[in-house]
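Q: According to my numbering, the stretch in the sequence shown is residues 8 to 324, in order. Before I ask anything, here is the structure I am working with.
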Amino acid sequence: MRLFLTKLAVVMALSGPVLAGELIPVDDSYTISQRYERYKNEYAGITWPVSTFQTGQQVLFDRHYKSVGARELHIDVFLPAPEVKNGKGIVLVHGGGWRSGSKSHFYGLANRLAQKGYAVFLPEFRLSPEAPYPAGLMDVNDALVWVKSQADSFGIDRNKLAIGGASSGGQMAALLAYTADKPLFKTTPSDDTRVSALIDIDGVLDFTTPLALQFENAAGKSSAAGLWLGGATEDVPDRWREASAAQHAGPQSPPTLVISSGIPRFTAGREIVEAKLKAQGIRYRYTAFENAPHDIWLFDPWFGQIVDQINSFLSEK
8 MRLFLTKLAV VMALSGPVLA GELIPVDDSY TISQRYERYK NEYAGITWPV STFQTGQQVL
68 FDRHYKSVGA RELHIDVFLP APEVKNGKGI VLVHGGGWRS GSKSHFYGLA NRLAQKGYAV
128 FLPEFRLSPE APYPAGLMDV NDALVWVKSQ ADSFGIDRNK LAIGGASSGG QMAALLAYTA
188 DKPLFKTTPS DDTRVSALID IDGVLDFTTP LALQFENAAG KSSAAGLWLG GATEDVPDRW
248 REASAAQHAG PQSPPTLVIS SGIPRFTAGR EIVEAKLKAQ GIRYRYTAFE NAPHDIWLFD
308 PWFGQIVDQI NSFLSEK
């Protein structure tokens, strides 16, 4: 882990001290290049997706959507060319075990989805080394509110805004999608954070299942989930339950697409979600790859297929 200066006020004098601003802890242990090096000899045909841009596309980097004291949080916006614009938006929540990762990890997916006609929004949010649960969830909800407030300027219908995420970001996206009717995780209880659809890519849906606990609680309070949730499941069982999207699934839940790498632990609880949604007549689709790594959204040959699956699901009535 390294510490980066994000707000720096320096007063220098010939014989005086140097005064520094607030330090924000950043865990940069999860990178795309590190994962590629791990996978390149294990998965035949794995490649980095190539990003190209269409005439008329726009990318707006680091728009300020929220402040927490002096701390600014930013969002990147990928806008489609006018001739392909479909009026729909997607907020994508990056992964990294709730403690690492970056919105930049979704640049490839955001760019390709924008070329399908979607406006794509990638929020920065506080990770567990800076602020544990539920801070990051509140940040993403505030990002949803901000996007809806800017819907006209971005050319989208605020009622056609989906949320998605991958790995821990998928878990967060699912939890927010299924609790939009509650004051949980909202800065203001009346905030409208409803979404038109959920896209969960390899994100745990229920922390309380035996499968999830086998992995997510393996190191107790030192596990990635434990560090985020503030303790092992034995210490804060109510919090592990509250953070489980499947516990909140019901008639208010949006249509849901679950995309799995084929590694069951990463979508633990999906059967519970499927049963609840189908009982309410809510559209649900599950698809799984075979012989694929966890990080399927980062690399081809899976990357392009994921784009097509998201587009197909969001295009259905």
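Glycine is no exception: its CB is placed at the ideal position from the N, C-alpha and C atoms.
Which whole runs of the alpha helix (DSSP H) in the stretch 136-186 are 4 residues long or more, in chain order?
A: Complete alpha helix (DSSP H) runs here, min 4: 142-156, 158-161, 175-185.
Q: Is residue 185 closer than 8 Å to residue 260 when the C-beta atoms are compared?
A: Between residue 260 and residue 185, the C-beta gap is smaller than 8 Å, which places the two residues in contact.
Q: With a 10 Å radius around its C-beta and 16 neighbouring C-beta atoms as the bar for buried, classify residue 244 as buried or exposed.
A: exposed
Q: Tell me where the beta strand (DSSP E) around residue 77 begins and ends.
A: Element bounds for residue 77: n/a, residue is neither H nor E.
Q: Please look up how many angstroms separate the CB atoms of residue 232 and residue 214, rounded, as I've assumed it's under 8 Å.
A: 7 Å
Q: Please report how far the alpha carbon of residue 177 lies from the alpha carbon of residue 263, in whole angstroms.
A: 12 Å
Q: For residue 257 and residue 282, I'd like the C-alpha separation in whole angstroms.
A: 10 Å
Q: Using 8 Å as the threshold, is the C-beta distance between residue 172 and residue 103 below it?
A: no
Q: For residue 83, name the three-state secondary structure that DSSP assigns.
A: strand
Q: Going by alpha carbons, who is nearest to residue 34 out of 315, 306, 286, 234?
A: 234
Q: Which residues mark the beginning and the end of the beta strand (DSSP E) in which residue 31 is found?
A: 30-33
Q: Pull up the DSSP beta-bridge partners for residue 99, would you.
A: 171
Q: Would you say residue 65 and residue 91 are within 8 Å of each other, going by their C-beta atoms?
A: no
Q: By Cβ distance, which residues of its chain are closer than 6 Å to residue 158, with the 5 residues on each side in sequence left out?
A: 165
Q: Pair every Cβ in the stretch 70-88 with every Cβ in the stretch 147-157, then say whether three or more of these pairs are closer than 8 Å.
A: yes
Q: Within the continuous beta strand (DSSP E) that includes residue 314, where are the two ends?
A: Here residue 314 belongs to no beta strand (DSSP E); instead the alpha helix (DSSP H) covers 309-322.
Q: Would residue 182 be called buried (16 or more neighbouring beta carbons within 10 Å of its own) or exposed?
A: It is buried - the Cβ of residue 182 has at least 16 other Cβ atoms within 10 Å.
Q: Could you work out which residue in 236, 114, 72 is closest to residue 141 when comparing CA atoms only?
A: Of the candidates 236, 114, 72, the one whose C-alpha sits nearest the C-alpha of residue 141 is 236.
Q: What span of residues does the alpha helix (DSSP H) with residue 43 cover, start to end?
A: 39-46
Q: If we count the other Cβ atoms within 10 Å of its Cβ and call it buried at 16 or more, is residue 131 buried or exposed?
A: buried
Q: If you compare alpha carbons, which of 273, 322, 116, 311 is closest to residue 53?
A: 311
Q: Give the range of the alpha helix (DSSP H) segment to which residue 217 is assigned.
A: 217-223
Q: Which partner residues does residue 291 have in the DSSP bridge list?
A: 263
Q: By the DSSP assignment, the beta strand (DSSP E) with residue 244 in it spans what residues?
A: Residue 244 -> not in any beta strand (DSSP E); alpha helix (DSSP H) instead, spanning 244-249.
Q: May I ask which residues mark the beginning and end of the beta strand (DSSP E) holding residue 127?
A: 126-130
Q: Count the other C-beta atoms from every protein chain shown that fall within 10 angstroms of the C-beta of residue 200, then say buried if there are 16 or more, exposed otherwise.
A: buried
Q: What span of residues does the alpha helix (DSSP H) with residue 279 cover, start to end?
A: Per DSSP, residue 279 belongs to the alpha helix (DSSP H) from 277-286.
Q: Give the DSSP-derived three-state secondary structure of residue 119 in the structure shown.
A: helix
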